[in-house]
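Peer 1: Here you go, one structure.
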Amino acid sequence: MSTEATVIGGGVIGLTCALELARSGHDVTVLTADPIADTTSAVAAAIWFPYEAAPADAVLRWSAESATVFAVLTSDPSAGVTLRTGTVLERSAAPDRWWIPAVTGHRVIPGEELPSGVTSGVRCEVPVIDMGRYLPWLARRCEAAGVRVIRRRVDDLTQVTGELIVVAAGLRSAALTGDAPLIPLRGQVVRVANPGLTDWLIDDDNPDGMTYVVPRFEDVVCGGTAELGSVDTAVDLDTERAILERCYALVPELRDAPVLSRGVGLRPTRPSVRLEALPGARRIICCYGHGGAGVTLSWGCAREVAALAGEA
Ligand SMILES: Cc1cc2nc3c(=O)[nH]c(=O)nc-3n(C[C@H](O)[C@H](O)[C@H](O)COP(=O)(O)OP(=O)(O)OC[C@H]3O[C@@H](n4cnc5c(N)ncnc54)[C@H](O)[C@@H]3O)c2cc1C
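Going by the working numbering, the sequence shown opens with residue 5, and the numbers climb by one from there.
What follows is the structure, given as structure tokens:
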């Protein structure tokens with residue numbers, strides 16, 4: 005059933021939902037309060053990894069579906085997606101590898117082959133998405149599919165016309181749906197020139213602070229932080245120095261790489277992703293609360309939104 009649909013939100017979730025809705029035959033408008041380049045999505049590292057998102061069963065399903073789409077997108081150089089091999093470092097005797105079913109193929113590396121303090125590691129190949137290229141690509145795909153993207157802040161859903169509304173406003177979604185507020189999980193990154201790295205590294209349980217190294221094309225994203233409740237979007241240079249030191253300790257090749265850019269974003273967290281149609285006379289679908297995994301979950305969630313929209 006084709007309808008006039010309005011998607012509130014122009015981050016990775018809103019744009020992917022808009023594209024899937026348009027591909028399903030709906031007449032779609034995206035309303036975004038911020039320029040696409042200023043969204044949290046633009047700050048994402050962005051490696052395929054289901055970090056800080058629940059519930060596990062749905063997250064695995066959405067992640068796996070997104071991984072399949074991203075793998076296909078590697079054949080389009082303008083999308084900015086690559087498949088890269090890397091290692092998740094583990095520092096516990098009984099690591100929780102709940103995410104493994106969503107990847108195709110992995111190898112467990114014993115701790116003695118890894119840095120000191122690391123008990124084991126999992127090596128696998130996953131998509132890496134360069135958001136500086138990917139978001140403009142997504143916006144172009146939306147435009148080509150007939151989606152209109154309009155800069156406009158919505159304060160109340162009564163301001164929105166159309167038969168179907170998708171609320172994909174990230175952290176600010178709750179204000180529109182009357183939900184309990186989402187909790188920001190602040191993340192800071194610094195991007196350095198790529199000295200030739202291809203492998204990524206994730207060391208979330210590093211005792212000195214969460215650490216990850218994600219090589220894109222020209223640059224490498226070095227992270228990070230996870231500060232629950234902080235709404236400070238200013239770059240903190242002391243935090244940046246600490247991030248870089250942690251990354252240098254694990255990947256010494258980065259030490260002389262010049263800093264190219266930096267960013268801070270607020271991950272939209274809630275106890276679980278909200279993806280459901282609300283009861284009532286108007287058709288409203290919620291799609292928010294993707295925490296640290298919005299890119300990872302984007303295609304799986306968008307397809308589920310399009311399926312819900314197709315139900316009478
Ligand atoms: C440092 C960092 C690293 C990350 N790394 C990864 C990673 O490696 N992999 C991964 O999968 N994820 C990662 N994430 C998480 C990811 O960025 C988020 O989960 C994702 O961006 C959420 O997307 P979104 O579209 O819901 O929200 P956003 O990108 O925040 O977009 C929200 C949109 O809604 C609009 N909006 C808000 N309120 C209104 C309103 N009232 N009216 C109109 N429009 C409105 C905004 O203008 C914006 O367009 C990272 C996040 C951070 C901060």
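Even for Gly, the Cβ is constructed at its ideal location relative to N, Cα and C.
Is any heavy atom of ligand 1 found at a distance shorter than 7 Å from the C-beta of T72?
Peer 2: For the purposes of this step, residue 72 is taken as the residue at position 68 of the sequence shown. Flag unset: Cβ of T72 not near ligand 1.
Peer 1: What is the rounded straight-line gap between the Cα of V193 and the Cα of R271?
Peer 2: The residue you call residue 193 lines up with position 189 of the sequence shown. The residue you call residue 271 lines up with position 267 of the sequence shown. So the two alpha carbons sit approximately 13 Å from each other.
Peer 1: For D61, name the three-state secondary structure that DSSP assigns.
Peer 2: For the purposes of this step, residue 61 is identified with residue 57 of the sequence shown, where counting begins at 1. In the structure shown, D61 sits in a helix (DSSP, three-state: H, G or I).
Peer 1: What residue from A48, C128, E56 and L312 has the CA that sits closest to I187's CA?
Peer 2: As a first step, residue 187 must be located in the sequence shown, where it is residue number 183. It is E56.
Peer 1: Suppose you measure from the CA of L180 to the CA of P283; what does that come to, to the nearest Å?
Peer 2: Locating residue 180 in the sequence shown gives position 176, where the first residue counts as 1. Locating residue 283 in the sequence shown gives position 279, where the first residue counts as 1. Taking the straight line from one Cα to the other gives about 15 Å.
Peer 1: If you run the structure through DSSP and keep just helix, strand and coil, what is L279?
Peer 2: Sequence index remark: in the sequence shown, residue 279 carries index 275 (1-based). DSSP places L279 in strand when its eight states are reduced to three.
Peer 1: Based on the DSSP output, what are the partners of T7 in its beta bridges?
Peer 2: As a working note, residue 7 is residue 3 in the sequence shown. Bridge partners of T7: none, in fact.
Peer 1: Residue range of the alpha helix (DSSP H) that T20 falls in?
Peer 2: Counting from one through the sequence shown, the residue named residue 20 turns up at place 16. Run containing T20: V16 to R27, per the alpha helix (DSSP H) assignment.
Peer 1: Going by alpha carbons, who is nearest to I113 out of A178, R95 and G296?
Peer 2: Position 109 of the sequence shown, counting from 1, holds the residue named residue 113. Checking every option, the nearest Cα to that of I113 belongs to R95.
Peer 1: Between E147 and the rest of its own chain, which residues show a CB-CB distance below 8 Å, the 5 nearest in sequence each way excluded?
Peer 2: Locating residue 147 in the sequence shown gives position 143, where the first residue counts as 1. Taken in chain order, the residues that qualify are V153.
Peer 1: Going straight from the alpha carbon of T123 to that of V63, what length do you get?
Peer 2: Your numbering for residue 123 matches position 119 in the sequence shown. Your numbering for residue 63 matches position 59 in the sequence shown. Cα to Cα, the separation comes out at about 26 Å.
Peer 1: Please return the same chain residues whose Cβ sits closer than 6 Å to the Cβ of S82, not counting the five positions on each side in sequence.
Peer 2: Taking the first residue of the sequence shown as position 1, residue 82 is located at position 78. Around S82: W141.
Peer 1: Using the DSSP secondary-structure output, state which residues sit across from S124 in a beta bridge.
Peer 2: Position 120 of the sequence shown holds residue 124. Beta-bridge pairing links S124 to E94 and P114.
Peer 1: What do you reckon, is the C-beta of L248 under 7 Å from a heavy atom of ligand 1?
Peer 2: Taking the sequence shown and counting its residues from 1, one reaches residue 248 at position 244. Because no heavy atom of ligand 1 lies under 7 Å away, the Cβ of L248 does not count as near it: no.
Peer 1: Rounded to whole angstroms, what's the CA-CA distance from G109 to V126? Just pull it up for me.
Peer 2: Within the sequence shown, the letter at position 105 stands for residue 109. Within the sequence shown, the letter at position 122 stands for residue 126. Cα-Cα distance, rounded: 10 Å.
Peer 1: Give me the Cα-Cα distance between R157 and L35, rounded to the nearest whole angstrom.
Peer 2: Residue mapping note: residue 157 aligns to position 153 of the sequence shown, counting from 1. Residue mapping note: residue 35 aligns to position 31 of the sequence shown, counting from 1. Their Cα atoms are separated by approximately 7 Å.
Peer 1: Does V47 come out as helix, strand or coil in the three-state DSSP assignment?
Peer 2: Here residue 47 refers to the residue found at position 43 of the sequence shown. In this structure, V47 counts as helix in the three-state DSSP scheme.
Peer 1: Excluding sequence positions up to five away, which residues of its chain have a Cβ less than 8 Å from the Cβ of T78?
Peer 2: Within the sequence shown, numbered from 1, the residue matching residue 78 stands at position 74. Taken in chain order, the residues that qualify are V85, T86, L87 and P131.
Peer 1: For I51, tell me which candidate among A41, I40 and S67 has the shortest Cα-Cα distance.
Peer 2: Counting from 1 along the sequence shown, the entry for residue 51 is found at position 47. Of the listed residues, the one whose Cα sits closest to I51 is S67.
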